[in-house]
Amino acid sequence: MDDQQTMMHPVSQHPTVGMGGHVVPQHTYGMDPTNQQHTSDQEVRKHDISEILQQIMNITDQSLDEAQARKHTLNCHRMKPALFSVLCEIKEKTVLSLRSTQEDEPPDPQLMRLDNMLIAEGIAGPEKGGGAGAATNASAAASGGPGQLEQTIEHSDYRAKLSQIRQIYHQELEKYEQACSEFTAHVMNLLREQSRNRPITSKEIERMVQIIHRKFNSIQVQLKQSTCEAVMILRSRFLDARRKRRNFSKQATEILNEYFYSHLSNPYPSEEAKEELARKCGITMSQISNWFGNKRIRYKKNIGKAQEEANMYAAKKAAVSGGGAAAYGMVPSSQGQMISPPPPPGPVPPSDGMYNMSMNGGDSYQSVSSMGANVQPQAHSQRHVFNQPAGMSEGLATASLYEPGVHQIQYG
DNA sequence: TAGCATGATTAATC
DNA sequence: GATTAATCATGCTA
């Protein structure tokens, strides 16, 4: 109420603007005695204006019901037109200072970023592949391997949590929007009511609505921020979960190693081969890619150990196919290398006496003399040089003859 | 429990 | 987009 009282001062203590906008002096120092009656009228008027303004001020402190009753009295007051014109003049002055604040503001870049992120994450805008999509994934995983199933379970769990966040976000947003529209309607009604007693233009009501919307928008920004944080936390949690690795099954590792060592000259499985391997091993395509990526690097880094492993797989494969290296009676040398036995009967071996054997599609061996030219590195691998031990290429049987640095096959 | 093995991630490269 | 190389983080084993 202190504010209201100080607001009263300009009217009660300074030259008063009277009816029709005339300035009415507040003080009567040195006044002509013949004007005494006129002065007394002025004082009465001043008192009336003060009273009516006081009533207006009081109304703001009252409940709507009380105010309603008061308003009626106020509307019927004989001084109302005078007061109205006073307010109009004050208004004229204050409106000037308001104009500068009505310029359009550019969209907040932070808000745009938040909106973009929420849309990208499927929180705002149309829902992305959740619900039915997740269910489809789960059923698809059921037909896949255990790794796939596990990953899909995690995936659907992620989607479920994301959809939970989405739901909460929309609930809160709806609440804010409802509160905003209710509050706006309330304020507009209030202003319209007040416009009967004081001059309020529709533009001012609009401006007030804008102010309210801005306030509610700032609340919405906070909601969006906390939603983004929740999504980030969820993402990092699932990212961490992905890092929790589990070793592939022995069988899967066997399959991958067999493929790797039987395609040593070009250990870059095609998309089809990756799919096939993924299906056989019950892991994903990206896991296959990871595995081959790791394998190639680690193979290169540790040739010695790789050789032993290569020989092992060669022997295994040969035993299975009833031929190949094992059939040729390869035995490890004292250095852990394989020593080639005399050539088997059949096709004439290459002039160096090596039996460069290759697994053709993993099913049969093929002499590298015919194979060498057939090695077709995939387009993407043409850029890369796989510094493989030449002897180990394709035909695991010749792994024994490899001496690091002597033979290197470069593709591309 | 230390040390190695191994799957996953990331930045750089082509 | 695939690959390499380095690295991280966890699993496994002696």
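Numbering (UniProt numbering), first residue to last: 1 to 412. For glycine and all other residues, C-beta sits at the position ideal for the given N, C-alpha and C. The structure presented is a predicted model; accordingly, all values stated were derived computationally and were not measured.
Using only the alpha-carbon positions, how far apart do residue i and residue j sit?
{"i": "H186", "j": "Q178", "result": "12 Å"}
{"i": "R198", "j": "M208", "result": "16 Å"}
{"i": "Q117", "j": "E272", "result": "This sequence places Met at residue 117; Gln is not what is there. So the two alpha carbons sit approximately 35 Å from each other."}
{"i": "E229", "j": "N189", "result": "38 Å"}
{"i": "Q171", "j": "I123", "result": "12 Å"}
{"i": "F248", "j": "A278", "result": "11 Å"}
{"i": "G125", "j": "Q307", "result": "56 Å"}
{"i": "S256", "j": "A160", "result": "It is worth fixing the name first, because residue 256 is Leu in this sequence and not Ser. The straight-line gap from Cα to Cα measures roughly 34 Å."}
{"i": "P109", "j": "E182", "result": "28 Å"}
{"i": "residue 413", "j": "R113", "result": "Residue 413 cannot be examined here, being either before or after the span of the chain that is shown, 1 to 412."}
{"i": "L264", "j": "R296", "result": "9 Å"}
{"i": "R245", "j": "S289", "result": "15 Å"}
{"i": "H275", "j": "Q287", "result": "Rather than His, the amino acid found at residue 275 in this sequence is Glu. Their backbone Cα atoms lie some 11 Å apart in a straight line."}
{"i": "K250", "j": "A315", "result": "18 Å"}
{"i": "Q68", "j": "E193", "result": "9 Å"}
{"i": "P269", "j": "D115", "result": "41 Å"}
{"i": "T184", "j": "I200", "result": "16 Å"}
{"i": "K80", "j": "F216", "result": "36 Å"}
{"i": "I119", "j": "Y176", "result": "19 Å"}
{"i": "S364", "j": "F260", "result": "Bear in mind that a pLDDT of 33 at S364, under 50, signals an unreliable position, so the model cannot answer this."}
{"i": "R214", "j": "C281", "result": "57 Å"}
{"i": "I90", "j": "Q164", "result": "53 Å"}
{"i": "F84", "j": "Q225", "result": "46 Å"}
{"i": "E254", "j": "N266", "result": "18 Å"}
{"i": "P107", "j": "E206", "result": "19 Å"}
{"i": "L87", "j": "S202", "result": "16 Å"}
{"i": "N360", "j": "M285", "result": "Below a pLDDT of 50, predicted positions are generally treated as unreliable, and N360, at 35, falls in that range; no measurement from the model is reported."}
{"i": "R70", "j": "Y169", "result": "44 Å"}
{"i": "E66", "j": "K46", "result": "26 Å"}
With a Cβ-Cβ cutoff of 9 Å, do residue i and residue j count as a contact?
{"i": "E258", "j": "Y299", "result": "no"}
{"i": "I303", "j": "W291", "result": "no"}
{"i": "V231", "j": "L111", "result": "no"}
{"i": "L223", "j": "E204", "result": "no"}
{"i": "L173", "j": "E121", "result": "no"}
{"i": "D41", "j": "H77", "result": "no"}
{"i": "I212", "j": "C180", "result": "yes"}
{"i": "residue 413", "j": "T73", "result": "Residue 413 falls outside the range modelled here, since the chain spans only 1 to 412, and no answer is possible."}
{"i": "N58", "j": "R196", "result": "no"}
{"i": "K301", "j": "S262", "result": "no"}
Quick check on the burial criterion: 16 or more other C-beta atoms within 10 angstroms. Buried or exposed for residue i?
{"i": "R166", "result": "buried"}
{"i": "A310", "result": "buried"}
{"i": "G30", "result": "Residue placement at G30 cannot be trusted, given a pLDDT of 37 that sits under 50; the coordinates are not used to answer."}
{"i": "A319", "result": "exposed"}
{"i": "S218", "result": "exposed"}
{"i": "K305", "result": "exposed"}
{"i": "T227", "result": "buried"}
{"i": "E51", "result": "exposed"}
{"i": "V44", "result": "exposed"}
{"i": "R383", "result": "Note that R383 has pLDDT 40, beneath the 50 cutoff, so the model's placement of it is unreliable and no number is given."}
When every heavy atom of the ligand FAD is checked, does at least one fall within less than 8 Å of the C-beta of residue i?
{"i": "Y261", "result": "Absence of the ligand FAD from the depicted structure is noted, as is the absence of any ligand whatsoever, leaving it without description."}
To test your reading of the DSSP string, which unbroken beta strand (DSSP E) runs of 3 or more residues are found completely within the UniProt domain "Homeobox" (239-302)? none
Report the start-end ranges of each alpha helix (DSSP H) in the region 194-221 that is 4 residues or longer and not cut off at the edges. none
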